[in-house]
Amino acid sequence: MLLISCPNCGSRDETEFHYGGQAHVAYPENPNELTDKEWAHFLFYRENTKGIFAERWLHSTGCRQWFNMLRDTVTYDIKTVYPMGTSRPDLTAKAAPESGTASLAADSTTTGTAAPSTSATSITALKGATK
Ligand code: ZN
Numbered sequence: 002m003l004l005i006s007c008p009n010c011g012s013r014d015e016t017e018f019h020y021g022g023q024a025h026v027a028y029p030e031n032p033n034e035l036t037d038k039e040w041a042h043f044l045f046y047r048e049n050t051k052g053i054f055a056e057r058w059l060h061s062t063g064c065r066q067w068f069n070m071l072r073d074t075v076t077y078d079i080k081t082v083y084p085m086g087t088s089r090p091d092l093t094a095k096a097a098p099e100s101g102t103a104s105l106a107a108d109s110t111t112t113g114t115a116a117p118s119t120s121a122t123s124i125t126a127l128k129g130a131t132k
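Residue numbers (this note's numbering): 2 to 132.
Now the structure itself:
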């Protein structure tokens with residue numbers, strides 16, 4: 002259960018909020034000039050970030066106001082909440098714990114190198130089973 006801090010109301014239970022998708026998706030200046038593919042890209046394509054992600058939230062049962070949030074999609078840790086219309090806060094000053102993400106990447110690389118030997122073993126086992 003998340004405890005979300007609404008900029009207007011303070012900390013409330015996540016059941017009072019609705020997720021609104023990726024933040025800072027700019028509406029095209031001239032939508033009529035876009036190709037169908039570009040329009041579809043604007044409508045349906047969003048980032049699928051593993052880590053810190055800027056997203057919109059609506060305090061639907063409270064003040065009914067939209068706001069933005071920076072949230073870690075891995076740990077669900079809410080980094081900051083900020084009003085609509087403002088730019089994404091720079092978390093690099095607080096980003097020292099981000100080295101943890103780098104270590105996760107190193108772990109996945111290690112797993113990746115281990116995978117081929119595992120599959121070679123399973124192929125050998127299959128050959129042995131067919132004989
Ligand atoms: Zn609120």
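The beta-carbon is built from N, C-alpha and C at its ideal position, and this holds for glycine as well.
All values derive from a computational prediction rather than experimental measurement.
- Here DSSP, grouped into helix, strand and coil, assigns Lys38 to helix.
- Spatial neighbours of Glu48 in its own chain (CB-CB distance under 8 Å, excluding positions within 5 residues in sequence) are listed in chain order as Gln23, Phe54.
- Its chain contains Ala55, Arg89 as the residues whose beta carbon lies nearer than 7 Å to that of His25, once the 5 sequence neighbours on both sides are disregarded; these appear in chain order.
- Residue pairing from DSSP places Gly11 in a beta bridge opposite Cys7.
- Rounded to whole angstroms, Asn9 and Asp91 show a C-alpha spacing of 22 Å.
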